[in-house]
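Novice:
Number of protein chains: 2
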Amino acid sequence: MNVFHYTTVTQKDAGPQTSKTNVRWLITKELGAKNFAMRLFEIQPKGYTPLHSHDWEHEIFILEGEGILVSGEKELRFQAGDVVFIPPNELHQMKNNGSKTCKIICLIPYKEN
Amino acid sequence: MNVFHYTTVTQKDAGPQTSKTNVRWLITKELGAKNFAMRLFEIQPKGYTPLHSHDWEHEIFILEGEGILVSGEKELRFQAGDVVFIPPNELHQMKNNGSKTCKIICLIPYKEN
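Line by line, the protein sequences give chains A and B. Numbering-wise (our numbering), the first sequence opens with residue 1 and increments by one. Numbering-wise (our numbering), the second sequence opens with residue 1001 and increments by one.
1) Quick check on the DSSP output: the beta strand (DSSP E) that includes A:Lys100 runs from which residue to which?
2) Can you tell me whether A:His58 is buried or exposed? The criterion is at least 16 other CB atoms within 10 Å of its CB, across all chains shown.
3) Looking only at C-alpha atoms, which of B:Leu1069, B:Val1023 and B:Thr1018 sits nearest to B:Thr1008?
4) What's the C-alpha gap between A:His54 and B:Trp1056?
5) What's the C-alpha gap between A:Ile105 and A:Leu40?
6) Can you tell me where the beta strand (DSSP E) holding B:Ser1019 begins and where it ends?
7) Anything in chain A within Cβ reach of B:Met1001, meaning under 8 Å, just list it in chain order.
8) Under 8 Å by Cβ, that's how I've got A:Ile81 and B:His1005 pegged, so tell me the actual separation to the nearest angstrom.
9) Considering only the beta carbon of each residue, do B:Ile1086 and B:Glu1075 sit closer than 7 Å?
10) For a contact meaning CB atoms closer than 8 Å, what does A:Ala33 contact in chain B?
11) Measure the alpha-carbon distance for B:Leu1026 versus A:Ile108 and round it to whole angstroms.
12) According to DSSP, what are the bridge partners of B:Asn1002?
13) The beta strand (DSSP E) with A:Lys46 in it runs from where to where?
14) Show which residues of chain A have a CB atom less than 8 Å away from the CB atom of B:Leu1026.
15) Taking only runs that begin and end inside the stretch 1050-1084 of chain B, name each unbroken alpha helix (DSSP H) of 4 or more residues, in chain order.
16) Kindly indicate the opening and closing residues of the beta strand (DSSP E) around B:Gln1093.
17) Go through its chain and collect everything with a Cβ distance to B:Glu1042's Cβ below 6 Å, but skip five positions before and after it.
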């Protein structure tokens, strides 16, 4: 059993095509998780993740902040306490259009669907 | 894509061997999630989950509150912002020994390890 505060995990830039976004990989294969990984993203005001799609799903819980989820021509608002499910192969992007940092738990599978 | 506040999901008693504990199944197979499920537990002060083990893991994020994780003779404190990984087959129990409701995100796999 492992118990640790999320801030003890080093945060890294979330990579190309993101802006003002960092990620902490909280629970991974290295910890023994064989089926899915837990990450915590922080998106600063005016920051965003890439508009992209992939063949795996996202299971998301919004911890803090607010913003917009873009999916093609559709835009949906999100706020703290919201749950988001993005199925495989669906175009998606998260934008922080609020005034405080968005903190988001986002889980992805290790196995193929 | 689905976006909804967690409070829009009906909460249910978490079942036998729990005390003062409710659960909301937030993301499930019914929503299209094939690999893992997201649940949100609320454990009221003095409440607890069963001391048990099973052959699947838990990936947990503590949203609010504090308490104790029991694993055999070991006890670990947890608080808001903590991440918990419980590997398969490890004995575990969560107890709320604080003064406010614990809110906990807990994910489990649908597939076998």
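Don't be surprised by glycine CBs; every beta carbon is placed ideally from N, CA and C.
Specialist: On the basis of the supplied data:
1) In this chain, A:Lys100 is not harboured by any beta strand (DSSP E), its DSSP state being neither H nor E.
2) So A:His58 ends up on the buried side.
3) When the alpha-carbon of B:Thr1008 is set against those of B:Leu1069, B:Val1023 and B:Thr1018, the nearest one is in B:Val1023.
4) 26 Å
5) 5 Å
6) Ser1019 to Ile1027
7) Those are Leu69, Ser71, Lys74, Leu76, Val84, Phe85, Ile86, Pro87, Glu90 and His92, listed as they occur along chain A.
8) Looking at the sequence itself, residue 81 of chain A is Gly, so the reference to Ile does not match. That belief holds up - the Cβ atoms of A:Gly81 and B:His1005 are roughly 5 Å apart, short of 8 Å.
9) no
10) Glu1057, Glu1059 and Phe1085
11) 16 Å
12) A:Phe85
13) Phe36 to Tyr48
14) The contact set of B:Leu1026 on chain A, defined by CB atoms closer than 8 Å, consists of Phe61 and Val83 in chain order.
15) none
16) Taken as a continuous stretch (DSSP letters only), the beta strand (DSSP E) holding B:Gln1093 covers Gln1093 to Lys1095.
17) Asn1022, Thr1101 and Lys1103
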